[in-house]
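*Asks:*
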Amino acid sequence: GRGFAFRRKQKIERQYRKLLKKGRKVHSQQDDQFTDTYPEHLKHLYLAEEEMLKKQRRAPKDSGLPEEKLNEATDFVPEMMRHHCTVLPQGGDENKAIFFLSVVTEGKFKKKTSNQKAREEYEKIKAERARKKEEAEKRKQQREEAQRLYKQRKMEAYKILSKKTKKGQPNLNLQVEFLLQKIQQNT
Numbered sequence: 004g005r006g007f008a009f010r011r012k013q014k015i016e017r018q019y020r021k022l023l024k025k026g027r028k029v030h031s032q033q034d035d036q037f038t039d040t041y042p043e044h045l046k047h048l049y050l051a052e053e054e055m056l057k058k059q060r061r062a063p064k065d066s067g068l069p070e071e072k073l074n075e076a077t078d079f080v081p082e083m084m085r086h087h088c089t090v091l092p093q094g095g096d097e098n099k100a101i102f103f104l105s106v107v108t109e110g111k112f113k114k115k116t117s118n119q120k121a122r123e124e125y126e127k128i129k130a131e132r133a134r135k136k137e138e139a140e141k142r143k144q145q146r147e148e149a150q151r152l153y154k155q156r157k158m159e160a161y162k163i164l165s166k167k168t169k170k171g172q173p174n175l176n177l178q179v180e181f182l183l184q185k186i187q188q189n190t
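See the structure below:
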């Protein structure tokens, strides 16, 4: 009959099929799981990357015209880094001229990943927050300085206006002098 090795082989095959079946279910669930749970501020980055990956999977390699590939390649190159060149064939026929696009970059131009984009966005936000914090600190210091000057003037005015004569009456001479100084400062 059939020995223990055959049963072991069948058992392993069953486990393997079960594992493959589980893997397929998990992948389909994972795709559904993450589509709606992207953070709102990064959702556009994830969706763009997902679309790009779908396009890569669909498009077979080495298919399509070279001009299409050139157009696809130039989509990722910033406008200021492009230089157009025209090459005429040996016959000199301008109708058959070939247009090339040469790219001048510092080193090798690489498309940014979503992580790099997110990091750059985070850095921008962080810089903006730091700038706002500095502005708020400056405004606070100016406000405090203005309040200090205001209190100092008020105190001086209070000292002058609250002086009394020997009999306890308000000193009208000082009050009139204070009002005169105030009028002179305003004009």
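If you're matching positions, the sequence shown starts at 4 in this note's numbering and goes up one per residue. Quick reminder that beta carbons are idealized off the backbone N, C-alpha and C, glycines included. Note that this is a predicted model, so its numbers are computed, not measured.
(1) Does Lys57 come out as helix, strand or coil in the three-state DSSP assignment?
(2) Can you give the Cα-Cα distance for Thr190 and Glu180, rounded to whole angstroms?
(3) Could you give the DSSP three-state label for Lys169: helix, strand or coil?
(4) Note down, in chain order, each residue of its chain lying with its Cβ closer than 7 Å to the Cβ of Leu45, except the 5 sequence neighbours on either side.
(5) Start and end of the alpha helix (DSSP H) containing Glu180?
(6) Can you tell me the Cα-Cα spacing of Glu138 and Ile163, whole angstroms?
(7) If distances are taken between C-alpha atoms only, which option among Glu54, Leu152, Glu148, Arg134 comes closest to Ser117?
(8) Classify Leu175: buried if its beta carbon has 16 or more other beta carbons within 10 angstroms, exposed otherwise.
*Replies:* Working from what's here:
(1) Here Lys57 sits in helix by DSSP.
(2) 16 Å
(3) Lys169: coil per DSSP, three-state reduction.
(4) Excluding positions up to five away in sequence, the list reads Ala121.
(5) 175 to 189
(6) The straight-line gap from Cα to Cα measures roughly 38 Å.
(7) Glu54
(8) exposed
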